[in-house]
Amino acid sequence: MDIKMVSVKTMRESDKYTIENFTPSKELMRRAGQAIFDSAKWQGPVAVVCGKGNNAGDGYVAADLLRSAGIECTIVLLEKDRFSEDGRYYFDICMSHGIPVEMFSEDFDFARYNSILDAILGTGFSGDVKGITADAINAINARGEEGAYVVSADINSGLNGDTGMGTTYIKSDLTVSIGEFKYGHFTGLANVAMKEKVNCDIGIIII
């Protein structure tokens, strides 16, 4: 079976084209979060670990859907008050619905969570993960080794979306690609990082 893959650049340009001509960005984010929620076999409590970009926004949508489904969840932020515009919109919805928020720190304990959603870094990331982000990735991986179910939004945080390479990266039970698979889902360290992967079409027109 042929698997369609695109570059990060193509995905970014296609996303921009779709937003400018067909579908508002907030709606695409809502669809992405819905796809992530629908694709996984959640067992609460769930930690939704979020960075500062649109990848985090997908996580906020998923968190609100978890709440709606009666699955206990907590949003775990790596940085305070760092949001994309659309991410902030869905974060505020989560706040209005009373979803708990905690700040990640070096002594943060994931032991009480049975599932973890990695919504830290997206496909546009390249380079080496450092600081608090590296600490969070290592802590999530440690909890995953203990049996927690780890899901990555779009691609495993720390992996390059084109090469699949990274020095510190999430090891997931499931990776939910959004739009189209990127090359990094199959190259480099992808097979080491991802036990299972699925792609979800959310209506992005590939150009």
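In terms of my numbering, the sequence shown is residues -18 to 188. Yeah, the Cβ is synthetic: ideal placement off N, Cα and C, and Gly gets one too.
Worksheet item: Cβ of T101 within 8 Å of Cβ of C54?
Response: The amino acid occupying residue 101 in the given sequence is Ile; Thr does not appear at that position. Not closer than 8 Å, so no.
Fill in: As assigned by DSSP and simplified to three states, the class of S133
strand
Worksheet entry | Buried versus exposed, by CB contacts within 10 Å (16 or more), T148 | exposed
Worksheet item: On the three-state DSSP scale, how would you describe E8?
Response: helix
Worksheet item: Should F18 be labelled buried (16 or more other beta-carbon atoms within 10 Å of its own) or exposed?
Response: buried
Worksheet item: Within 10 angstroms of its Cβ, does N119 collect 16 or more other Cβ (buried), or is it exposed?
Response: exposed
Practice prompt. Under the assumption that G68 contacts A37 (Cβ atoms under 8 Å), give the Cβ distance between them as a whole number of angstroms.
Written response: 5 Å
Worksheet entry | Residues that D99 bridges to, as DSSP identifies them | V30 and S133
Worksheet entry | Coarse secondary structure for K152, derived from DSSP in three states | coil
Worksheet item: Hey, would you say K(-3) sits closer than 8 Å to Y70, going by beta carbons?
Response: no
Item to complete: Return the Cβ separation of M(-14) and F167 in integer angstroms, given the expectation that the two are a contact with Cβ distance under 8 Å.
Response: 7 Å
Worksheet item: Between N122 and Q24, is the Cβ-Cβ spacing less than 8 Å?
Response: no
Item to complete: Whole angstroms is fine: what's the gap from R63's alpha carbon to F85's?
Response: 14 Å
Worksheet item: Between which two residues does the beta strand (DSSP E) containing K(-3) stretch?
Response: Taken as a continuous stretch (DSSP letters only), K(-3) belongs to no beta strand (DSSP E), being part of the alpha helix (DSSP H) at V(-11) to N2.
Fill in: In DSSP terms, what C181 is bridged to
I159
Item to complete: Using a threshold of 8 Å, state whether the C-beta atoms of T144 and G165 are closer than that.
Response: yes
Fill in: For I74, the three-state DSSP class (helix, strand or coil)
helix
Discussion item. With distance defined between alpha-carbon atoms, name the residue in E126, V110, I136 and D39 nearest to C75.
Written reply: D39
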